[in-house]
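Under the UniProt record's numbering, the letters of the sequence shown match residues 1 to 287, in that order.
Quick reminder that beta carbons are idealized off the backbone N, C-alpha and C, glycines included.
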Amino acid sequence: MDYAKDVLVNTEWVAENLGQPGLRLIEVDEDILLYDTGHIRGAVKVDWQQDFWHPVERDFIGPDEVAALLGRLGIGPEDQIVLYGDKSNWWAAYAYWFLSYSGVKNPLKLMNGGRQKWVAEGRELTTDETPVQAGEYPALTRDESLRAFRDEVKAHLESVKAGQGALVDVRSPDEFSGKVTHMANYPQEGVLRGGHIPGARSIPWARATNEDGTFKSADELSALYAGEGVTPDKDVIAYCRIAERSSHSWFVLRELLGYPSVRNYDGSWTEWGNAVGMPIEKSYQEA
């Protein structure tokens with residue numbers, strides 16, 4: 001079984017095609033300082049907080065601002081965009097989802113294995129500044145079919161009960177159970193209640209990756225999700241804490257496996273766990 005879409009390139013392909021006209025590399029890391037310590041030659045940096053998030057509202061920048069960002073980065077509408085980053089492309093997948101949601105029609109791909117695989121193979125990094133010739137990027141229109149909002153998730157619970165929909169909680173098992181409200185080694189802040197959305201299946205995002213950061217095979221991924229009842233015939237919503245890890249799972253389900261209906265719940269647990277009137281389930285019992 002092959003992946004449903006041609007959305008991955010390997011590190012060897014990137015190394016061989018560096019400098020080719022129309023190829024634009026974007027590095028997106030959780031650790032926003034990594035790029036400055038060394039990046040792939042020709043890559044530009046995106047800071048997911050500063051560049052994607054609205055400066056005041058708890059929301060994203062709008063399509064006009066996304067077009068302006070791409071213009072500042074020197075990216076044209078026909079360019080091939082290859083995204084990569086740290087943490088098995090965790091934040092690169094977030095950027096892939098956000099650009100897709102924002103209506104970007106450029107060919108988008110992830111470099112399989114991300115920054116960690118490039119470094120592990122001893123490939124060159126540079127601290128040289130990437131020259132950019134800014135331009136104008138055409139107007140964009142959001143694709144709202146890729147994003148779920150809180151009230152849509154609440155309404156979705158009936159579909160989950162009826163077996164027509166699925167909810168995928170991609171956080172760690174301890175977050176899912178309610179034992180903690182964030183991943184290990186991260187501050188436990190930002191949400192009042194632990195647990196998960198009723199009916200959600202626990203499929204941690206990292207189960208989709210190999211040790212070197214690459215994605216598992218299509219057969220392995222299909223078995224992983226189908227084994228939890230998350231099948232292509234269902235309307236799927238994925239969530240985590242703030243939608244970054246669930247973007248990775250969204251990419252696996254929609255782009256690699258070809259599920260036709262997959263949405264990412266941007267508010268995720270920081271919204272649901274703090275919201276009045278939202279039901280939760282909790283499987284952890286304190287001694």
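With a 10 Å radius around its C-beta and 16 neighbouring C-beta atoms as the bar for buried, classify M1 as buried or exposed. M1 is exposed by the Cβ-count criterion.
Where H196 falls: helix, strand or coil (DSSP): In the structure shown, H196 sits in a strand (DSSP, three-state: E or B).
As assigned by DSSP and simplified to three states, the class of Q49: helix
Short of 6 Å in beta carbon distance, which residues of its chain neighbour D174, apart from the five on each side in sequence? Order them along the chain. V180
A93 and S247 closer than 7 Å at C-beta: yes
Could you check the C-alpha separation between V56 and D219 for me, to the nearest Å? 43 Å
Environment of A208 [buried if 16+ CB atoms lie within 10 Å]: With 16 or more neighbouring CB atoms inside 10 Å of its own CB, A208 falls in the buried class.
Chain B contact for P107 (CB, 7 Å cutoff): No chain B is part of this structure, which consists of one protein chain only.
Below 7 Å between beta carbons: does that hold for G122 and K234? no
Have a look at S100, A15, Y284, I280 and flag the residue whose alpha-carbon is nearest the alpha-carbon of P255. Note that residue 255 corresponds to Glu in the displayed sequence, not to Pro. With distances taken between Cα atoms, E255 lies closest to S100.
Where V153 and K282 are concerned, what is the direct C-alpha to C-alpha distance, given to the nearest angstrom? 18 Å
The beta strand (DSSP E) with Y265 in it runs from where to where? 262-265
Need the endpoints of the alpha helix (DSSP H) that G165 sits in, please. Where G165 is concerned, there is no enclosing alpha helix (DSSP H), although the beta strand (DSSP E) it sits in stretches over 165-169.
Report the start-end ranges of each alpha helix (DSSP H) in the UniProt domain "Rhodanese" (19-127) that is 4 residues or longer and not cut off at the edges. 34-37, 63-72, 86-101, 114-120
Verify whether the separation of the beta carbon atoms of D63 and R142 is less than 7 Å. According to the sequence as given, residue 63 is Pro; it is not Asp. Going by C-beta atoms, P63 is nearer than 7 Å to R142.
First through last residue of the beta strand (DSSP E) which encompasses V236: It spans 235-239 - the beta strand (DSSP E) in which V236 sits, taken as one unbroken run.
With a CB to CB cut of under 7 Å and the five nearest residues on each side skipped, what residues in its chain are close to N210? K216
Could you spell out where the alpha helix (DSSP H) holding L224 opens and where it closes? 218-226
With G85 and V28 assumed to form a contact (beta carbons below 8 Å), what rounded beta-carbon distance in angstroms separates them? 4 Å
Using only the alpha-carbon positions, how far apart do W205 and D266 sit? 15 Å
Beta-ladder partner(s) of F215, from DSSP: T209
Taking DSSP's pairing of strands, which residues face S202 in a bridge? D169
Reduced DSSP category for E175 - H, G, I as helix; E, B as strand; rest coil: helix
Beta-carbon within less than 7 Å of K161's beta-carbon, same chain only, minus the 5 sequence neighbours each way: which residues are those? In chain order, G199 place their CB closer than 7 Å to the CB of K161, counting only its own chain and leaving out the 5 sequence neighbours on each side.
So which of K5, A139, V119, L224 has the shortest CA-CA distance to K87? V119
Can you give the Cα-Cα distance for P138 and G74, rounded to whole angstroms? 12 Å
Close beta carbons around R147, own chain, < 7 Å, minus the five adjacent residues each side: Y101, R263, N264, D266
Along the chain, where does the alpha helix (DSSP H) that runs through D2 open and close? Note, D2: premise wrong, no alpha helix (DSSP H); not H, not E.
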